[in-house]
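As numbered in the working numbering, residues 1114 to 1558 make up the sequence shown, in order.
Built from N, CA and C at the ideal position, the CB exists for glycine as well.
From a predicted model like this one, the values you see are computed outputs, not experimental measurements.
The structure appears right after this line, and notes come after that.
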Amino acid sequence: MTTLHFPPGFQWGTATASYQIEGAISEGGRGVSIWDTFTHQPGRVMGGTNGDTACDHYHRYPEDVALMADLGMQTYRFSVAWSRIFPFGRGAVSLEGLAFYERLIDELLAKGIQPALTLYHWDLPQALQDIGGWANRETVDAFAEYAAFLYEKLGDRVSRWITLNEPLIFTMYGHRLGVMAPGQKDLRITARAVHHAMLAHGRAVRAFRESGVAGEIGITNANSSFEPDDDSAETAAAVELARDFETRLFHGPVFGRGYPASVLKFYAERGAPFPIETGDMDIIAEPTDFLGVNLYSRQLIRPGGPTGFTSAPPRLPLLPMGYEAAPHSLGDFVRWVSKEYGNPVIYITENGVCDNAEPGPDGTIDDATRMELTRGFLAGLHGAIQDGADVRAYYMWSLMDNFEWAFGFTKRFGIVFTDFESGRRIPKASAGMYAATARANALEV
Ligand code: BGC
C-alpha cells in the first residue's frame, strides 16, 4: 500500500448540473429550456425519459447538501438553470427562481462547503432558441446580462464562477450531430454557435471584472487525451488535428491564440464561416483565473475523414458509455494542457466513471469498477501534480446518479445511488472511498 499525498489546501468536491438533477420544471416561475423541449420529442432520449423530476433535488437539496457534508466534501460545483432566473432568457426576472439558489448556497455555506457556480450547463431558455439560440448574436448579450445579474445577487456568497460547461459538447452534439438539444444538424449553425458561445464566455468574464465581485472565474472545457494509433508521422499529424478541432478550438481563443487555422479553413471551405467581428477575439481572450478541465477517457487517433483525423478502434475495455476505461488519460491530459498553455491554475471540474452497479441483496452497492478507475485517475493526476501541474481541486462527477442527457437514466455516474422511483439516495462503496481520500487529502493505492 502506498499513500499519495495531495498538496496542502487541495480541494475535494462533487459536481452536478441543473437539468440533470433538479426536476420541478414548472415550479418557482421556471421557464422552458431547450432540454425540456428536446426530451419531450419522441425518439430523442433512451427509454423516452426526461428531466421533469430527475433527482428532485429542487425539493431535496437540504438532504443532498447534508450528504455532501457527511462525505467531508469541501466544495460543490452546480449549475444555475438560466430559465429559473430569466424564464424567457432576458427581461422579466423570477425572484422565486433566484431564491432557490440562494437557499442552496446558504445551506452549502452553513455546512462549510464552497459553492462553485456554473452559469451555463446546456439548458438554454427556449425563448432564446426561438430566435436562433447560440446561432444568434443576441444570445451573447442575453448571457452577459444573466451573468451580471447573478454576480450582483450572489457575488457576496459565491467566489468561484464557471462561465460555460463544455462548449465542444453542446455546440457539436447539439448543432452538428443533432443528438443533444436543440437537435440541429447544420454546419453553418455550428460555426455560429461555437463563436457566439466563446464570445458569451468572454463577455461574462468582462462583466465579472466590471462587477467588482471578489472571486475567480474560468471556463470548463471537455477533453480527451488524444493518443496516436501508431508511430507514423501521419498519425502524429492526425493527433494534432484532433487537438485543433476538439481542444485548441476552445482553449486557444481563451488563452489569446485565436481559433486554429485548420478549423477556420475547414468551416470556411464548407460555406460555414465563423462570424467574427472586430474586437471579438480580444473579448474572448479576457484573462481568466483558472482552467476547468473535464475528462473521462482517451481517444486513439488515426488519419482519415474530412477533418484529417478519425477514431481508431479501441483497445482497452469499454465502459457502458462506449469509451475506453483509460485512467492514465487524466494525468496525461493535465500534463499536456499545462505545458501547452503556460501552466494555468487548473480545477478538475469533472472526472468520473459510469458504473451501473445496483444495490446487492444486502442493499449495499459495490461499484468496484468506479473505485478502481477513480484510483487510477487520481494516481495519474497526482503524478501530473508532482511534475509541476498547478491543479488545486478535483470535482467528482457526480454526487449522485442523475439524468444522463440523451442516455436518460440508463447510465449511472453517482457515488451516491439514486432510486429514481422513490427518490431515495444510498451512498455507494465509492462514496466511502472518496470521502476517505478527501478527509486524508491522500489516496491509498
Ligand atoms: C457533462 C455532464 C455529463 C458527464 C458524463 C460531461 O460531458 O458535463 O453533464 O453527465 O459528462 O457523461
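query, result
"So T1129 is in the alpha helix (DSSP H); what residue range does that whole segment cover?", "T1129 -> no alpha helix (DSSP H), and no H or E assigned at all."
"Please tell me whether, using a cut-off of 7 Å, the distance from the CB of Q1133 to the nearest non-hydrogen atom of the ligand BGC is below it.", "yes"
"Can we count I1414 as close to the ligand ATP, meaning its CB is less than 7 Å from some heavy atom?", "As presented, the structure is devoid of the ligand ATP, carrying the ligand BGC as its sole ligands."
"Comparing the CB of N1407 with every heavy atom of the ligand BGC, is any distance shorter than 7 Å?", "yes"
"How should E1471 be labelled, buried or exposed, when 16 other C-beta atoms within 10 angstroms of its C-beta is the threshold for buried?", "exposed"
"At a cut-off of 7 Å, is A1335 close to the ligand BGC when judged by its beta-carbon and the heavy atoms of the ligand?", "yes"
"State yes or no: is the C-beta of I1282 nearer than 7 Å to some heavy atom of the ligand BGC?", "yes"
"So within the segment 1170-1244, which uninterrupted alpha helix (DSSP H) runs reach at least 4 residues, ignoring any that extend past its ends?", "1170-1183, 1195-1198, 1208-1223 and 1239-1242"
"Count the C-beta pairs between the segment 1490-1497 and the segment 1442-1454 that are closer than 8 Å, then say yes if the count reaches three, no if not.", "yes"
"Rounded to a whole number of angstroms, what is the C-alpha to C-alpha distance between R1157 and V1292?", "7 Å"
"Output the distance between the C-alpha atoms of A1381 and A1194, rounded to the nearest integer angstrom.", "34 Å"
"Among S1375, R1273 and L1354, which residue has its Cα nearest to the Cα of F1403?", "R1273"
"Please confirm whether A1506 and Y1436 have their CB atoms less than 8 Å apart.", "no"
"Compute the beta-carbon to beta-carbon distance between Q1133 and G1160, rounded to the nearest angstrom, for a pair I have assumed lies under 8 Å.", "Contact flag wrong, Cβ pair sits at about 15 Å."
"If we ignore side chains and look at the alpha-carbon of each, how far apart do P1175 and T1129 end up?", "15 Å"
"Does the Cβ of P1416 have 16 or more other Cβ atoms within 10 Å, making it buried, or fewer, making it exposed?", "buried"
"What does DSSP give as the partner residue(s) for L1404 in the beta ladder?", "I1332 and I1459"
"So is D1480 buried or exposed if we call it buried at 16+ other beta carbons inside 10 Å?", "buried"
"So who's on the other strand from I1414, going by DSSP bridges?", "P1341 and S1424"
"DSSP three-state call for L1117: helix, strand or coil?", "strand"
"Taking the alpha carbon of F1339 as the point to measure from, which residue in P1386, A1350 and S1139 has its own alpha carbon closest?", "A1350"
"Looking only at its chain, what residues have a beta carbon closer than 7 Å to the beta carbon of P1440, apart from the 5 residues adjacent to it on each side?", "L1486, G1489, F1490 and G1493"
"Measure the alpha-carbon distance for A1313 versus M1509 and round it to whole angstroms.", "26 Å"
"Give me whichever residues DSSP pairs with A1502 in a beta bridge.", "DSSP, once it has assigned bridges, lists no residue as partnering A1502."
"Roughly how far, in whole angstroms, is the beta-carbon of G1210 from the beta-carbon of R1289, given that I think they are within contact range, below 8 Å?", "That belief does not hold up - the Cβ atoms of G1210 and R1289 are roughly 31 Å apart, past 8 Å."
"Leaving out five residues on either side along the sequence, give the residues of the same chain with a beta carbon under 7 Å from the beta carbon of A1317.", "L1232, F1256, A1257, A1260 and T1276"
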